[in-house]
Amino acid sequence: MIIRKVSEVPTISYGKGAQKKVVIGPNEGAPTFVMRVFDVPPGGASNDHSHDFEHEVLILHGEATCKGDGPDQKVEAGTAYFIPANERHQIVNTGKGNLRFVCLVPLRGEDSDQGACFCKLAAPN
Ligand SMILES: [Zn+2]
2 MIIRKVSEVP TISYGKGAQK KVVIGPNEGA PTFVMRVFDV PPGGASNDHS
52 HDFEHEVLIL HGEATCKGDG PDQKVEAGTA YFIPANERHQ IVNTGKGNLR
102 FVCLVPLRGE DSDQGACFCK LAAPN
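Here the sequence shown stands for residues 2 to 126, where the numbers follow the numbering used here.
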């Protein structure tokens, strides 16, 4: 068993204040799933994108708007949501504070360029 504190996991910066921590992944011997924790400052967003793997998201702190092919949807701490493979998605921190969420992907999602999801951050307003 491997036990880690999120605060002790190295941070990967995407610019404009967004950060990722790979809490559990291949370096911990996980063969199938990768657990990432993202922090996004107010006004920050992922790029509007899709890919052939799913996301499972749990909002830990803050408020955000989820955009996709359907109507925009507000999410907040305590909300979980599922993005099926090939569905357009974007998360925008529309709150006043930091947005922190867990995002699970299959290993190939983390390995691919698409897995980054925050590499093309929109400029905060
Ligand atoms: Zn994505």
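No residue lacks a Cβ here, since even glycine has one placed at the ideal position from N, Cα and C.
From a predicted model like this one, the values you see are computed outputs, not experimental measurements.
Determine the direct distance from the alpha carbon of residue 27 to that of residue 33, and round the result to whole angstroms. Distance from the CA of residue 33 to the CA of residue 27, rounded to the nearest whole angstrom, comes to 8 Å.
What separation, rounded to the nearest whole angstrom, lies between the Cα atoms of residue 7 and residue 25? Their Cα atoms are separated by approximately 10 Å.
DSSP state of residue 32, grouped into three classes? coil
Does the stretch 59-72 come within contact of the stretch 88-105, defined as at least 3 CB pairs closer than 8 Å? yes
Residue closest to residue 23, alpha-carbon to alpha-carbon, out of 31, 35, 16, 14: 35
Going by Cα to Cα distance, which pick from 3, 87, 30 is closest to residue 49? 87
Buried or exposed for residue 21, please, with buried defined as at least 16 other CB atoms from any protein chain shown within 10 angstroms of its CB. That one is buried.
Which whole-angstrom value is the C-beta distance of residue 99 and residue 44, which I expect to be below 8 Å? That belief does not hold up - the Cβ atoms of residue 99 and residue 44 are roughly 11 Å apart, past 8 Å.
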